[in-house]
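Colleague:
Protein chains: 2
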Amino acid sequence: MNKASRLFWPTLVTPKNAVVKPTEQLSRSQKLLTELGLVKAGSNGTYQIMPIAQRTIDKCIQLVQRNMQAAGGQKISLPVLTPAQLWKKTGRLDGDISEFYMVRDRSGKQFLMSPTHEEAVTAMLASAAPISYRQLPQRLYQIGPKFRDELKSRFGLMRAKEFLMKDMYSFDVSLDAARQTYATVTAAYERFFRQLELPFVRVEAASGIMGGSQSHEYHFISPVGEDTLLQCSNCSYAGNTEVFGNEADAPSTCPSCQSAQLSRVRGVEVAHTFLLGDKYSKPLGATFLNTSGKPEPLVMGCFGIGITRVIAAALEVLSTEQQLRWPKLLAPYDVCVIGPKAGSKEQASAERIEHELLNQLAQICGAEQLLHDERKELTIGKRLLDAQRLGHPLTIVVGAKATQLEAPKLELHTSGSEKLELEVAEVLQLVTQHEQHKQQLLQSQLEETNSEQQQEQKRFGHVH
Amino acid sequence: MNKASRLFWPTLVTPKNAVVKPTEQLSRSQKLLTELGLVKAGSNGTYQIMPIAQRTIDKCIQLVQRNMQAAGGQKISLPVLTPAQLWKKTGRLDGDISEFYMVRDRSGKQFLMSPTHEEAVTAMLASAAPISYRQLPQRLYQIGPKFRDELKSRFGLMRAKEFLMKDMYSFDVSLDAARQTYATVTAAYERFFRQLELPFVRVEAASGIMGGSQSHEYHFISPVGEDTLLQCSNCSYAGNTEVFGNEADAPSTCPSCQSAQLSRVRGVEVAHTFLLGDKYSKPLGATFLNTSGKPEPLVMGCFGIGITRVIAAALEVLSTEQQLRWPKLLAPYDVCVIGPKAGSKEQASAERIEHELLNQLAQICGAEQLLHDERKELTIGKRLLDAQRLGHPLTIVVGAKATQLEAPKLELHTSGSEKLELEVAEVLQLVTQHEQHKQQLLQSQLEETNSEQQQEQKRFGHVH
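Protein chains in written order, with the numbering used here: chain X, 65 to 528; chain D, 65 to 528.
Put into structure tokens, the structure is as follows:
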């Protein structure tokens, strides 16, 4: 079980003689993350993740992985260092390169600290023995740090210079097959965002520096978003106004159905997908052997989810000025338990109830998902404030009323600041419901996936 | 379940017109990893990890994490980019810096692609609100890529320029307390290496560029090791000959007990621990408030395990010229199942047995731990060869003898190339034993840990 007294949790206390730099533009949630000691600003747009926030990152990684594997993804790791020469071949060093971190090794050879890995993964395929059409599709993903020397890094983790990303690269025999992969992987994306229980929208996007024929972005819908999105309520069209150059040039009627029922909402971009075609496989010579044994360029897609960005954006959408709020599946802990203060007259009997409660909770949600705030030198009120600011889905207080001889009660606080006085059995039932809801969120995915995988296997003839 | 036909598994076929570069010095296991398509050489001492090897890396990460958390470790993430300025403060840029990758951002500010994070983590502590003696010890760890521009990278993953590392940093109130942390963390290291079931030794080491007062290395004992170690059979002394400048200067009698019973063995370094004292906390101003409320420098330790190096070294020690062999807890899959060839006369009936077997195996070891080699277009012999080269702990063949009416038999092959003809029930029993052994390896750790944690809690007065 996690004990609050042992946690490394460096809440921010600005030293008296500190020079506060106004350069860093912090959003609401980023301000809370920093003040609460979950994230610390490193140098210049880089961030240090502290233990509580690291738990959320690890949960997010696991959730993304489940969905990628369900979509047929296989995990790999590509080096951070990519030879600049590969990027010259695809022409991506011809334009503005000011956002790239470039580094030379001791022999003078130039590398990029990779902002993305299309070149590296395509060159890897090109250097492998030619793959047969029978082995396709292949969908390879990794999770690791990416680097972009942003002119203006801001909003903390939301737009950092070093960030954590899940990137998947797909390889198919034809544009039709690649479209099928695109549909399968984007379905997995939608499942992931539904599991976070946040309003999101998929919009048509500009493919920009990536190139390729088709591209979509996933946005959380929120007034704090940096992008302006168009949504048609007459048809299913949704698009980023960026596609039209700038926002002012965006049309006032739907580009798809010409209806005037086109509204504008703000969005925070959290994922981006591209149907790349042969833009990378051609110049880098990545081919497969077709049914006649002749080499043809692989048809590619790429699919990114900003892990740290998803978390930052979710917090930005959900949190209040004073309290963090997390997607249920990503909260650092499911339940926080606050016990009696040392020296209070009910301490001994309340501690017996607390001990028994912790054992029962560990059975329900696993000891790892519990935070026990046993800082008994602090008042219950002070600890409850911390718990509310951290935004645990459920906080249980074992206080004076727990020791009442008739009808002993615990306090249950939800992250929505709802406060209930309940008997132990009622508390355990609500915790059980919370865990069941989490399981349902995970499970719904698996059932869909199984039927999808069966369909895919039929399509590709891999029925066993 | 994992299906061999769908795996991305780019076995090496040297193209006819390839120019083979003799610059890369490959060890036995690295040659196998490359030929079998588990790892691909990227550019110049960097490596791409393919899906089968990635499974082992993920298992190794999980095992290291369990042990770090059992030793009171809390997981964090520090940026790859560390400002060079911090390294100037500790004097580590004054010497030879040719092994460091240095990079400038768009404003001209210089960063290291971190080879290690003492400066970064200490500066982080220094910038936090002063920590109280009550909150110590703190033990923070991370797992991520590290960078070292080796003059001669060689032996593949064993000495790569970009490698995966677990690094822990500890903070204590005094040298005595730091020694206690050192004992707790190194006990966790020894547990980890015991769990890998490989012969290892802890030796006194030179602290080198890290500085500090005490330092130990962990080595796998193997004739392929690059280091020469001294071991005394009269007392418990063990040391790296590096400590004495060079091997020739190493003594012929034990430096500890003066006995002549000093033997030399070769070792592969896989981990390094340092008692750092205040070498970093003093120049960077990382203090805690002592019992009188006065600031004092934190007393530090640091503890590294090379994740990719441990795996490479374990394979080097265990494998034969033709076959990989894995520590049980790190094998990519526990069991490989090979079914009948398509078109064989026993195909239909053998497939029914195979199907039932797979279901039962999934119950015993979990579907995720199974590799089903269902490439029915290949002969059983060809697939068995692949399985033996990959070194699965257990490979089960459902062949012609499985369909005998009287006494149907399966073939069970161990990674030691032992071949048994067994009934289904016997096969299931051996798989069950294998899983039980794995569980025991994991469990022995937990029991030790619980008693250690209780002792620590008593020492630090955190008994609840």
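Beta carbons: idealized from backbone N, C-alpha and C, even for Gly.
Going along chain X in order, which residues have a C-beta closer than 9 Å to the C-beta of D:Gly309?
Modeller: Here the premise fails: no neighbours, minimum Cβ distance about 26 Å.
Colleague: Any idea what DSSP makes of X:Val267, helix, strand or coil?
Modeller: In this structure, X:Val267 counts as strand in the three-state DSSP scheme.
Colleague: Comparing C-alpha positions only, which one of X:Gly155, X:Ile195 and X:Trp151 sits nearest to X:Leu353?
Modeller: It is X:Ile195.
Colleague: Evaluate D:Asn304 with the Cβ neighbour count: other Cβ atoms within 10 Å of its Cβ, from every protein chain shown; 16 or more gives buried, anything less gives exposed.
Modeller: The residue is buried, with at least 16 neighbouring Cβ atoms inside 10 Å.
Colleague: Identify the contact partners of D:Gln112 in chain X, using a Cβ-Cβ distance below 9 Å as the criterion.
Modeller: Under the 9 Å cutoff, chain X gives Ile140, Ser141, Leu142, Pro143, Ala184, Val185 and Met188.
Colleague: Can you give me the Cβ contacts of D:Ser615 inside the same chain, cut-off strictly under 6 Å, excluding the 5 residues immediately before and after it?
Modeller: Nothing can be reported for residue 615 of chain D, as the shown portion of chain D is limited to 65 through 528.
Colleague: Cα separation between D:Pro86 and D:Pro391?
Modeller: Caution is warranted here: a pLDDT of 46 is assigned to D:Pro86, below 50, making its placement in the model unreliable, and no coordinate value can be reported.
Colleague: Which residues of chain D have a Cβ atom closer than 7 Å to the Cβ of X:Thr75, listed in chain order?
Modeller: Chain D residues near X:Thr75: Ala193.
Colleague: Where do the ends of the alpha helix (DSSP H) carrying X:Asn423 lie?
Modeller: Its alpha helix (DSSP H) spans residues Gln411 to Cys429.
Colleague: Any beta carbon of chain X sitting closer than 8 Å to that of D:Val169?
Modeller: One point to set straight first is that residue 169 of chain D is Asp, not Val, in the sequence displayed. Interface residue, yes.
Colleague: Counting Cβ pairs, one atom from each stretch, are 3 or more of them under 8 Å apart for the region 321–329 of chain D and the region 198–205 of chain D?
Modeller: Verdict: no, contact absent.
Colleague: Can you name, in chain order, every residue of its own chain whose Cβ lies under 6 Å from the Cβ of X:Ala431, other than the five neighbours on each side?
Modeller: Around X:Ala431: Met65.
Colleague: Could you work out which residues of chain X lie near D:Ser107, taking near to mean beta carbons separated by less than 7 Å?
Modeller: Ordered by position in chain X, the residues that pass the 7 Å Cβ test against D:Ser107 are Pro147.
Colleague: On the criterion of 16 or more Cβ atoms from any shown chain inside 10 Å, does X:Thr180 qualify as buried, or is it exposed?
Modeller: Buried, because 16 or more other Cβ atoms sit within 10 Å of the Cβ of X:Thr180.
Colleague: Going by Cα to Cα distance, which pick from X:Ala134, X:Ala224 and X:Ser178 is closest to X:Ile371?
Modeller: Comparing Cα positions, the closest option is X:Ala224.
Colleague: Is X:Asp236 close to chain D? Criterion is C-beta to C-beta, closer than 8 Å.
Modeller: No, its Cβ sits nowhere closer than 8 Å to a Cβ of chain D.
Colleague: In the DSSP output, what is X:Pro147 paired with across the bridge?
Modeller: X:Pro147 is bridged to X:Phe175.
Colleague: Out of D:Ala412, D:Leu71, D:Ser191 and D:His436, point me to the one whose CA is closest to D:Asn423's CA.
Modeller: Checking every option, the nearest Cα to that of D:Asn423 belongs to D:His436.
Colleague: With 16 as the cutoff for other CB atoms within 10 Å, does X:Asn108 come out buried or exposed?
Modeller: Answer is buried; the Cβ neighbour count reaches 16.
Colleague: Short of 6 Å in beta carbon distance, which residues of its chain neighbour X:Ser320, apart from the five on each side in sequence? Order them along the chain.
Modeller: Same-chain partners within the cutoff: Cys299 and Tyr301.
Colleague: Give me whichever residues DSSP pairs with D:Thr478 in a beta bridge.
Modeller: Answer is D:Leu458, bridged to D:Thr478.
Colleague: How close, in whole Å, do the beta carbons of D:Glu226 and X:Pro143 come, if the pair is a contact with beta carbons under 8 Å?
Modeller: That pair is a contact at about 5 Å.
Colleague: If you draw a straight line from the alpha carbon of X:Leu442 to that of X:Val461, how long is it in whole angstroms?
Modeller: Their Cα atoms are separated by approximately 13 Å.
Colleague: May I ask you to list, following chain order, the residues of the region 207–227 of chain X that have a beta carbon less than 8 Å from some beta carbon of chain D?
Modeller: Within the region 207–227 of chain X, the residues whose Cβ lies closer than 8 Å to some Cβ of chain D are Gly208, Pro209, Phe211, Asp213, Leu215, Lys225 and Glu226, listed in chain order.
Colleague: Give a yes or no on whether the minimum CB-CB distance between X:Met177 and chain D is below 8 Å.
Modeller: So, interface residue.
Colleague: Leaving out five residues on either side along the sequence, give the residues of the same chain with a beta carbon under 6 Å from the beta carbon of D:Glu306.
Modeller: These residues qualify, in order along the chain: Ala270.
Colleague: Please confirm whether D:Thr120 and D:Pro396 have their CB atoms less than 8 Å apart.
Modeller: Yes; because the gap between Cβ atoms is below 8 Å, this pair is in contact.
Colleague: For D:Lys104, decide whether its Cβ has a neighbour in chain X, counting only Cβ atoms nearer than 8 Å.
Modeller: Yes, D:Lys104 counts as interfacial toward chain X.
Colleague: Please state if the CB of D:Thr250 and the CB of D:Thr384 are separated by a distance shorter than 8 Å.
Modeller: No, the pair does not count as a contact, with Cβ atoms beyond the cut-off.
Colleague: Are the beta-carbon atoms belonging to D:Val488 and D:Leu469 less than 8 Å from one another?
Modeller: No, they are not a contact pair.
Colleague: To which residues does DSSP link X:Ser234 through a beta bridge?
Modeller: DSSP output for X:Ser234 lists X:Arg203 and X:Gly365 as bridge partner(s).
Colleague: Using a C-beta cutoff of 8 Å, does X:Phe72 count as contacting chain A?
Modeller: The structure shown contains no chain A; its protein chains are X and D.
Colleague: Suppose the cutoff is 8 Å on Cβ atoms and the five residues either side in sequence are ignored; what does the same chain contact list for X:Ser217 look like?
Modeller: Excluding sequence neighbours, X:Ser217 sits near Asn108, Gly109, Arg223, Ala224 and Lys225.
Colleague: Excluding the five sequence neighbours on either side, which residues of its own chain have a C-beta within less than 6 Å of the C-beta of D:Ile207, listed in chain order?
Modeller: Result list for D:Ile207: Ile125 and Lys230, in chain order.
Colleague: For the region 152–167 of chain X, which residues have a CB atom closer than 9 Å to at least one CB atom of chain D, in sequence order?
Modeller: Residues Ser162, Glu163, Tyr165, Met166 and Val167.
Colleague: If you scan the region 94–154 of chain D from start to end, which runs of the alpha helix (DSSP H) of 4 or more residues do you find wholly inside it?
Modeller: DSSP runs (the alpha helix (DSSP H)) wholly in the region 94–154 of chain D: 115–134 and 148–153.
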